[in-house]
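Structure first, commentary second.
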Amino acid sequence: MQWTVDQPSRRDVLRGALAAGAALTLGGGVTACGARGDAPRTAGGDQWRQYQGTTLNFISENTAPTAAIAADIRPFTDLTGIDVRIVTLELTALVQRVALDLASGRAQYQVIYADPYQVLAPYQRGLVDLRTLQADPNLPDLPGGVEDFIPAQLDAAGRFVDAGPVYALPYDAPTMIWQYRRDLFDKYRGRMAADLGFDPAPGGDRTWEEYFRMAEWFNKNATSDVRYGTGHQARQHDSLMNDFSNVLWSYGGTYFDNGKEVGRLGARDPGPCRLDADAAIAGAAFYQRLLGIADPASKTWDWDGVGAAFRAGRLAMCPNWHEFAASNEQVLPGKVGYAALPKGPAGTANMYGGTGVAISANTLPNERGAAWLFLVWATSPQTQLANLKSKAGGGTPTRTSVYELPEVRAAEQRPSQMPNMLTAAAVRQAWQADRIGLRPKIPMWNECNTAIFTQLSRMLTGGASPEEAMRSIKSRVDQIVARGWVA
Amino acid sequence: MAHRAASSPVLGQAARPATRAPRQPRVGFEGRMMTPGLILLAALSIVPFLALIAMSFSRVRLLGGVALDVVGLTNWVRFFTDADMWMSWLRTIVYFVLTVGLEMVLGIGIALCLYRVLRGRNILLGLLLLPMFAAPSIVGLLGRYLTDSTFGLYAWVLRSLGYGGDILGSPATAFAAVVLMDVWEWTPLIALITLAGLSSVPQSVREAAAVDGAGGWMALRYIIFPAISNVLLVALLIRSMDAIRYFDIIWVTTGGGPADATKIVPVRLYETAFRFFDLGYAAAIGLAMLAFSIIIARTFVRLLDVRGLTR
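Residue numbers (the numbering used here), protein chains in the order written: chain A, 1 to 487; chain H, 1001 to 1311.
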């Protein structure tokens, strides 16, 4: 018997090599995709160091508290041995990344800056109920417990629909307040009082109608100091909804029935939109009138734009987020005052825009434990106090105990090393249950919000009357809500 | 044992009837050579395209892994009955005509002027081409800062000329501004392509026209334009394809506002897909945009085909 063995040709060798290479690459790729190790854990010993050697990714909006934490993350790493990589993005980009990360089933970002309206409400199923970690005896407790967080903020930023589970811990608390040029009010107070017939001191007792008259007065009588009495964040943007909502609520308008509850805990199906009510239309009519005498550039500004214009000395007053105090005090030291927003016929409302930090439900057990350590540290009173003093950012505390610290109390008066605390009196009023302005926390809010600020923009550019705009918003929001939400 | 003989295709063939033609391999040499490329194309284009079609008939779930719930024609019915969407299409067409039209007119004009410049043409050309090298988002940011009413140069100039409004604050001026930003960036490309076309027109032909008494306009109308029309068609095709998917500048400057005045279809598509995560409806919008692009491209390709330029 004779066997003849072929010599492989050069082509065969090349083909074989190519096939082997492809198989290796594919195999390696599949293995790499499939393999996902949990973080290391050392059982026993110091609770804070049990996950040392872990790396956490924290995705956040580019906000003041995160800037402060990023600038001073060393204490956490020293305490835990955990390395934290922080990615900061503009909010829209953050929401995209978070949604795609949650969809991937893998937690590239273990710690998430969970905006209540754009992350928590639509993707609540993708977040961990933090009570499970708080109850774990192997993990450290929250100092002061969840009760130390300001109650309205804990509900608004941390819960969804059900009053039990907590999905996020309050992390920042921007709130819209009245910011005004104190120096100009001092200078013109007498003349204004004589001309207008009331004391123009800004505060929660003033009405929106009086705010309008003061702005008009500045337009006519103080052009050597400022170009306009008031400016607003009325660009076709989320900011326009925020700015308008303060007026809407104070005129008695509401987005949905049971608006306070839909704002505080949220709802999956909020029912029909109520912006076609007379009170809402009256609020819209006033807002249109107010923007008629405001700086025309208001229609191009979001909160950053109006903040920059105010600091540039262009405006006598504006409603804006209280965390702009830090930058105001750098540019106009001692010249800016802060007060709760004016009231309308039905009361007053100050839009709250706070956010929580949450943990992705895609995390593996040890990663989750490590992420909890970061949450406890990042929201602890010591860290919030350090953030207040930080040169890199700031933010404002979300814990009652921090506001009660003597050095924080002292910082509420000038000269202050914690400029955001100059707004404390105003925000303390604004956070009262009957004054806090909470937009609807519903899963489809992003699309509803777009319909709202787009139609408001139409109203402000003369494309629709207040009544048409409100009815148009109602019809669009009802359609969006009727379609429901799948995540 | 004649192992080799039994398995040899060559000897095996010899045993078959002589009249039968040798069988052609199902995939030829060229086909085998194209296979890797086709696999890559399938992975990058065909599979996503098929996925897009499937998504357009579904509601897409994200959490717990991407899943499609079939909803039939719901997304397409919504697409055809959505009044806001039709307004966006109208804006897109107006925007398309204005940008591409202005870029063609200005680009040709600048190229004709440059062609007549003998000294320093290269320096002028270099300066002219600068906007083209900026990323569109940077152009948007530049435009935003230049038109900002607090510190913008253009806003200041317009204010000194008596314009009291805000450029990006009213629908008409905001639309004009984003059109002009695109025109500023891409007119140089048209000028460059046209200049290349002009350089290919033989000097002798132009001299002959001049000797025959053809003036500037006549030479342009009967000699130059016919000679460079094919090049202009290619330039038009390139810019048209780009203008249909215009996004960056609008997103950076106006975000689609005010009052949706600058919300063209690509902006609405982005919003639907990546802000509202309504991926099923976004797939329907994306497919419609693809169809629109194909129609525009086919129109130009057919024109080129008529002129025998695609062969």
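For each residue, glycine too, the CB sits at the ideal point set by N, CA and C.
Q236/A belongs to the set of residues whose beta carbon lies under 8 Å from a beta carbon in chain H.
Non-local C-beta neighbours of A114/A in its own chain, meaning closer than 6 Å and more than five positions away in sequence, comprise L120, A168, G356, A358, ordered along the chain.
The beta-carbon of V1066/H is placed less than 8 Å from the nearest beta-carbon of chain A. With fewer than 16 neighbouring CB atoms inside 10 Å of its own CB, M1033/H falls in the exposed class. Exposure of V1105/H is indicated by the presence of fewer than 16 other C-beta atoms within 10 angstroms of its C-beta. The C-alpha of F1277/H is placed about 35 Å away from the C-alpha of D148/A.
Bounds of the alpha helix (DSSP H) holding R1121/H are 1121-1129. Around the beta-carbon of L375/A, 16 or more other beta-carbon atoms lie within 10 Å, marking it buried. Assignment of Q382/A by DSSP, reduced to helix, strand and coil, places it in the helix class. Among the bridge pairs identified by DSSP, N57/A is matched with R85/A.
By the Cβ-count criterion, G305/A is buried, with 16 or more other Cβ atoms from all chains shown falling within 10 Å of its own Cβ.
Neighbourhood of G1256/H in chain A, by CB distance below 7 Å: Q236, in chain order. Residue pairing from DSSP places M317/A in a beta bridge opposite Y180/A, T230/A.
DSSP places A1273/H in the uninterrupted alpha helix (DSSP H) bounded by 1265-1274. Counting C-beta atoms within 10 angstroms of its own C-beta, F1151/H has fewer than 16 neighbours from the protein chains shown and is therefore classed as exposed.
Within chain A, the residues placing a beta-carbon under 9 Å from that of R1275/H are T92, V95, Q96, Q118, N446, E447, T450, ordered along the chain. R289/A has a beta carbon lying at 8 Å or more from every beta carbon in chain H.
For Y123/A, at least one C-beta of chain H is nearer than 8 Å to its own C-beta. At a cut-off of 8 Å between C-beta atoms, T461/A counts as an interface residue with respect to chain H. Among the bridge pairs identified by DSSP, D162/A is matched with F160/A.
Within the DSSP secondary-structure output, R399/A pairs in a beta bridge with F149/A.
The closest CA to that of P319/A, considering only Q330/A, K343/A, G334/A, V331/A, is found on K343/A. Taking one beta carbon from each stretch, the stretch 78-85 of chain A and the stretch 52-63 of chain A have 3 or more pairs nearer than 8 Å; the two touch. Against chain A, a Cβ distance below 8 Å from E1271/H picks out T450. Put simply, the stretch 217-230 of chain A does not touch the stretch 1241-1257 of chain H. Fewer than three CB pairs are less than 8 Å apart.
If you draw a 10 Å sphere on the C-beta of F310/A, you find 16 or more other C-beta atoms in it, and that means buried. Taking the beta carbon of A316/A as reference, no residue of chain H falls within 8 Å; the closest one sits roughly 15 Å away. Cβ proximity to chain H below 9 Å picks out nothing from the stretch 322-353 of chain A.
S245/A and G334/A have their C-alpha atoms roughly 29 Å apart.
When the Cα atoms are used, R399/A and N62/A turn out to be separated by approximately 21 Å. Around L1040/H, no beta-carbon contact reaches into chain A at under 8 Å, the shortest distance being about 13 Å. Beyond the five residues adjoining it in sequence on each side, S416/A comes within less than 6 Å, by CB distance, of L422 in the same chain, given in chain order. C273/A is bridged by DSSP to F256/A. The Cβ of R1061/H sits closer than 8 Å to at least one Cβ of chain A. Nearest to P381/A by alpha-carbon distance, out of G144/A, F286/A, A152/A, S239/A, is G144/A.
Those residues of the stretch 274-303 of chain A placed with their C-beta closer than 7 Å to a C-beta in chain H are P296, A297, K299, T300, ordered along the chain.
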